[in-house]
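Adding 1 to a residue's 1-based position in the sequence shown gives its number in this note's numbering.
Every residue gets a Cβ at the ideal spot worked out from N, C-alpha and C, and that includes glycine.
Computed from a predicted model, the values in this text were never measured in an experiment.
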Amino acid sequence: MEKFFFDLGAGTVAYVGAGAGSMLGPAASAAVNGRKAALVFDAALPAEHPAFVKAALEASGFTVSAHALSGGEKNKRLSAAEDVYGFLYDSGITRSDAVVGLGGGVTGDIAGFAAATYMRGVGYISVPTTLTAQTDSAFGGKTGVDFRSGKNLIGCFYDPKAVVCDTDFLKTLPEKERVSGMGEVIKYGAIADSSILDLVGRGIPSDDIIARCIKIKKKYVEADEYDLGERHILNFGHTFGHAVEAASDYSVPHGQAVAYGMLAMIRLGEKLSLTGSETFGAVRSALLRAGLDAGYEPYLAGAYPFLALDKKSDGEMISAVFLKRPGEAFIKKLALDELCL
Ligand code: GLY
2 MEKFFFDLGA GTVAYVGAGA GSMLGPAASA AVNGRKAALV FDAALPAEHP AFVKAALEAS
62 GFTVSAHALS GGEKNKRLSA AEDVYGFLYD SGITRSDAVV GLGGGVTGDI AGFAAATYMR
122 GVGYISVPTT LTAQTDSAFG GKTGVDFRSG KNLIGCFYDP KAVVCDTDFL KTLPEKERVS
182 GMGEVIKYGA IADSSILDLV GRGIPSDDII ARCIKIKKKY VEADEYDLGE RHILNFGHTF
242 GHAVEAASDY SVPHGQAVAY GMLAMIRLGE KLSLTGSETF GAVRSALLRA GLDAGYEPYL
302 AGAYPFLALD KKSDGEMISA VFLKRPGEAF IKKLALDELC L
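Next up, the structure:
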């Protein structure tokens, strides 16, 4: 198990690796003064996971109440956050208590947003259970919900006080979730560490690869916490990816959509003479080895109408992320119509 500090706001402590769950009680005790914990968890998780978290918090002296929410991007709406507010109210949670989010990216976004906004902020502790959340969404303080046809249009930055990233949770991860999570792992390889591209395969990545992804994320969010510039690099493949997700009414999983988006941006980079010729093959090969599909072309036309909703878009211009070669990314402002392949 590794321990990192994210140097953001008041700071976030992260415990990463097999068995990290043993640090939940101590981390929660250190993070808040109160003794109530409100556990918000994905209803689809095996029952052993919320039971484990509840027991760990109780062993550290917390009185725990629990609220199950429906995962899935289609449930990431203000109404889900409102349900959490009702749960926090009924549980008598105060600003000195803790909200603990247990689940994947959707659970973390809703629970984190509710924690950020209930009583203007209750201490939040994130316990990610999916590969996507453990390598990406649990870190860096992004919280929020979707609105109309825009993903994450309502939200705020709210750093968790602690992230307890126990890779043992991944042992029960459904194969579809593992494959989707590999999209983010491969993104980290593509933008910052090409050796990750060579290491990925059909299984759950090692704790070392997961920790390497988190360290890459740490570097970008510490440099640009509020996502005004350099942090956009972490969104490589996401501009098209979010558009593909929205166009498919969220039937294409996030990581698969990001995989399509990465390949589209590499092809666009080749067309604009920005991206080296070895890049497409290296990323495509990693995606295929991880079990992702590489046939992005049929998704492009449907995605274009959704591109302007990207939060990296500034009216007519978009902050696009390209690869120079595997492991090296940069940002270039483009007019929206230049994104056409
Ligand atoms: N998932 C990209 C970011 O946190 O900025």
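Between Val123 and Ile94, how many whole angstroms is the CB-CB distance? I'm expecting something under 8 Å.
6 Å
Counterpart residues of His68 in DSSP-defined beta bridges
Val41
Buried/exposed call for Thr228, threshold 16 Cβ in 10 Å
The residue asked about is misnamed: residue 228 is Asp in this sequence, not Thr. Buried: at least 16 other Cβ atoms inside 10 Å.
In the DSSP output, what is Asp167 paired with across the bridge?
Gly18
Limits of the unbroken alpha helix (DSSP H) element including Lys219:
Asp208 to Ala224
DSSP three-state call for Lys55: helix, strand or coil?
helix
In the DSSP assignment, find the unbroken beta strand (DSSP E) run with Ile319 in it and report its ends.
Met318 to Arg326
Give the C-beta separation of Arg96 and Phe63 to the nearest angstrom, bearing in mind that I take them to be a contact with Cβ-Cβ under 8 Å.
The pair is not a contact, with the Cβ atoms about 16 Å apart (cut-off 8 Å).
How do the stretch 75 to 89 and the stretch 183 to 203 stand: do at least 3 beta-carbon pairs fall below 8 Å, yes or no?
no
Contact test: Ser345 Cβ vs the ligand GLY heavy atom, cutoff 7 Å
What is shown of the chain runs 2 to 342, which leaves residue 345 out entirely.
Going by alpha carbons, who is nearest to Gly10 out of Met120, Gly142 and Pro51?
Gly142
Compute the minimum distance between the beta carbon of Asp228 and the heavy atoms of the ligand GLY, and state whether it is under 7 Å.
yes
Coil, strand or helix - Gly104 by DSSP:
strand
Considering only the alpha carbon of each residue, which of Asp250, Glu339 and Phe53 lies closest to Ala265?
Glu339
Do the stretch 24 to 33 and the stretch 172 to 182 meet, that is, are 3 or more Cβ pairs less than 8 Å apart?
no
Glu59 beta carbon less than 8 Å from that of Val107:
no
Ser138 CB to nearest heavy atom of the ligand GLY below 7 Å:
yes
Just curious, the alpha helix (DSSP H) that Ile94 is in, first and last residue?
It is not in any alpha helix (DSSP H) - Ile94 carries neither H nor E in the DSSP assignment.
Between Gly262 and the ligand GLY, is there a pair consisting of the residue's CB and a ligand heavy atom that are separated by less than 7 Å?
no
Can you have a look at Asp91 and say buried or exposed, based on whether 16 or more other CB atoms are within 10 angstroms of its CB?
exposed
Extract the residue ranges of the alpha helix (DSSP H) inside the stretch 231 to 285, only unbroken runs of 4 or more that lie entirely within it.
239 to 248 and 255 to 272
From His239 to Val33, what distance separates their C-alpha atoms?
35 Å
Please look up how many angstroms separate the CB atoms of Thr131 and Gly182, rounded, as I've assumed it's under 8 Å.
6 Å
In three-state terms, what does DSSP make of Gly113?
helix
Nearest to Ser207 by CA position, among Thr136, Asn236 and Gln257, is which residue?
Thr136
Selected residue, minimal CA-CA separation from Ile217, among Ser320, Gly184, Ala56 and Asp194:
Asp194
Using a Cβ distance threshold of 8 Å, determine whether the stretch 272 to 289 contacts the stretch 318 to 334, with at least three qualifying pairs required.
yes
May I ask whether a heavy atom of the ligand GLY can be found less than 7 Å away from the beta carbon of Arg232?
yes
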